[in-house]
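In our numbering, the protein residues as written are 2 to 85.
Here is the structure we will look at, set down as structure tokens.
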Amino acid sequence: MQQRTKETLLMICLFLFLLVVLGGGLHLSPSGALLAAVTGTPLIVHVFNAWSRRSCEGAPSSHRIMTLHARDASSAEGANLVRR
């Protein structure tokens, strides 16, 4: 529930930001600013979701799989001790 509330509040903040910035910056009438904010908010959210989904799919995994030969195992254990 907390995540949903956070997302809703962020959407409201984005809507108000677009309403003020587009309305004042482009010198729109109040109805034009409202229309721009109403249509711009879902568009920005959709583009951000698509962008973040694409960047997550292409990101390398945080888990690394490493295969070692038997003779390299002792040097890898030493490297782990040094890192800690």
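Just so you know, even glycine gets a beta-carbon here, dropped at the ideal spot from N, CA and C.
Exercise for the section: Look at the alpha carbon of I45 and the alpha carbon of Q3, and state the distance between them as a whole number of angstroms. Expected result: Mapped onto the sequence shown, residue 45 falls at position 44. Mapped onto the sequence shown, residue 3 falls at position 2. If you take the alpha carbons of I45 and Q3, they lie about 22 Å apart.
Practice task
Indicate the three-state DSSP secondary structure (helix, strand or coil) for R85 in the structure shown.
Solution key: Locating residue 85 in the sequence shown gives position 84, where the first residue counts as 1. Bear in mind that the predicted position of R85 carries a pLDDT of just 48, short of 50, making it too unreliable to give a figure here.
Handout entry: Closest Cα partner of A34 within the set P43, F49 and L17
Key = Position 33 of the sequence shown, counted from the first residue, corresponds to residue 34. For the residues P43, F49 and L17, the minimum Cα distance to A34 belongs to L17.
Problem - Secondary structure of M12, DSSP reduced to three states - result: Sequence index remark: in the sequence shown, residue 12 carries index 11 (1-based). Of the three classes helix, strand and coil, the one that applies to M12 here is helix, per DSSP.
Exercise for the section: Classify T9 as buried or exposed, calling it buried when 16 or more other Cβ atoms lie within 10 Å of its own Cβ. Expected result: For the purposes of this step, residue 9 is taken as residue 8 along the sequence shown, with counting starting at 1. With fewer than 16 other Cβ atoms within 10 Å, it is exposed.
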